[in-house]
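The next block holds one structure in the form of structure tokens; read it before the comments.
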Amino acid sequence: MYSPKNSPPFKIITLEQLKKSINASEFFPQDASFFTVHIDSVRYLHCGSDLKFIAYSNLSDRINSFTNWFGPETPSVKDIARAGFYYTGNSDICCCFTCGTQCNQWKPDANPWKEHILSFPTCNFLRKNQPLEYINLVHENYLLAQQFICCECKNNPKDIVFYPCGHLVCCKDCGKNLTTCPACNTAITEKFYAHFD
1 MYSPKNSPPF KIITLEQLKK SINASEFFPQ DASFFTVHID SVRYLHCGSD LKFIAYSNLS
61 DRINSFTNWF GPETPSVKDI ARAGFYYTGN SDICCCFTCG TQCNQWKPDA NPWKEHILSF
121 PTCNFLRKNQ PLEYINLVHE NYLLAQQFIC CECKNNPKDI VFYPCGHLVC CKDCGKNLTT
181 CPACNTAITE KFYAHFD
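All letters in the sequence shown, in the order written, are residues 1 to 197 by full-length UniProt numbering.
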């Protein structure tokens with residue numbers, strides 16, 4: 001019986017490999033009765049992997065899921081679907097068919113591939129369709145940008161330095177009423193505005 005403890009090694013096979021394979025046991029565990037495949041509709045197959053929603057593995061099926069979409073016109077539903085997402089039918093929530101990560105609150109300038117990377121950078125679909133260098137760059141840029149975001153509101157840039165500890169952790173709006181530093185709990189005696197170009 002299949003279970004995560006005795007799952008087979010992760011393998012991805014193409015439709016052509018599946019059609020050409022004479023001995024299916026090369027790709028499937030001995031007890032593969034848990035897995036049903038519709039050969040004509042599957043672009044690739046994950047065995048023992050984390051494929052969450054196989055019904056949306058086809059791009060056209062993901063695009064068709066957006067028939068009742070009321071989210072923004074940009075990014076386009078085709079771009080969202082190309083990045084592995086299908087529409088869940090709730091609000092503007094989209095879900096990746098492979099990793100199951102969900103994205104919502106789409107902004108007009110949003111890049112679906114970047115949103116996918118920021119939500120789940122190790123997604124197999126993402127790694128198959130985007131260069132690893134691009135994934136790493138987007139993820140590293142996000143982490144770097146987060147170092148400059150206020151630790152309190154998580155929205156504005158940090159721009160207040162607390163004295164005597166010297167920590168730069170808050171924006172001026174969040175820092176104006178603080179009496180102790182959120183980073184070290186030191187009593188704040190002075191606050192300095194830091195401006196970065």
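Where a beta carbon is used, it is the ideal one built from N, C-alpha and C, also for glycine.
| Check | Outcome |
| --- | --- |
| So, with DSSP's three-state summary, where would you put LEU168? | strand |
| Rounding to the nearest angstrom, what Cα-Cα distance links THR74 and GLY100 in this structure? | 22 Å |
| Of the residues PRO182, GLU133, CYS96, which one's Cα is nearest the Cα of CYS153? | PRO182 |
| Please work out which residues of its chain come closer than 6 Å, Cβ to Cβ, to THR186, disregarding the five sequence neighbours upstream and downstream, and give them in chain order. | CYS165 |
| With DSSP as the reference, identify every bridge partner of LYS191, one or two as the case may be. | PHE162 |
| Applying the 10 Å Cβ sphere with the 16-neighbour rule, what's the burial state of THR36? | In this prediction, THR36 has a pLDDT of 37, which is less than 50 and means its spatial position is unreliable; what the coordinates show is noted afterwards. Its Cβ having fewer than 16 others within 10 Å, THR36 is exposed. |
| Taking C-alpha atoms, which residue in SER76, TRP69, THR98 lies nearest to TYR87? | TRP69 |
| Could you check which residue in PRO72, LYS52, ALA83 has the C-alpha nearest to that of TRP59? | First, the residue type needs correcting, since residue 59 is Leu and not Trp in the sequence shown. Among PRO72, LYS52, ALA83, the Cα nearest to that of LEU59 is on ALA83. |
| Counting beta carbon pairs with one atom in the stretch 115-134 and one in the stretch 144-164, are three or more of them shorter than 8 Å? | no |
| Around the Cβ of SER76, are there at least 16 other Cβ atoms within 10 angstroms (buried) or fewer (exposed)? | exposed |
| Reducing DSSP to helix, strand and coil, say where PHE148 ends up. | coil |
| Under 8 Å between the Cβ atoms of TRP113 and ASP92? | no |
| Taking the Cβ atom as the reference point for each residue, do THR189 and TYR163 lie within a distance shorter than 8 Å? | yes |
| Quick one: what does DSSP say PHE85 is sitting in, helix, strand or coil? | strand |
| So the candidates are ASN136, CYS95, ASN64, GLU140; which of them puts its Cα closest to the Cα of LEU51? | CYS95 |
| Over what stretch of residues does the beta strand (DSSP E) that includes CYS181 continue unbroken? | Where CYS181 is concerned, there is no enclosing beta strand (DSSP E), given that its DSSP letter is neither H nor E. |
| Mind checking which residues open and close the beta strand (DSSP E) that includes CYS96? | 94-96 |
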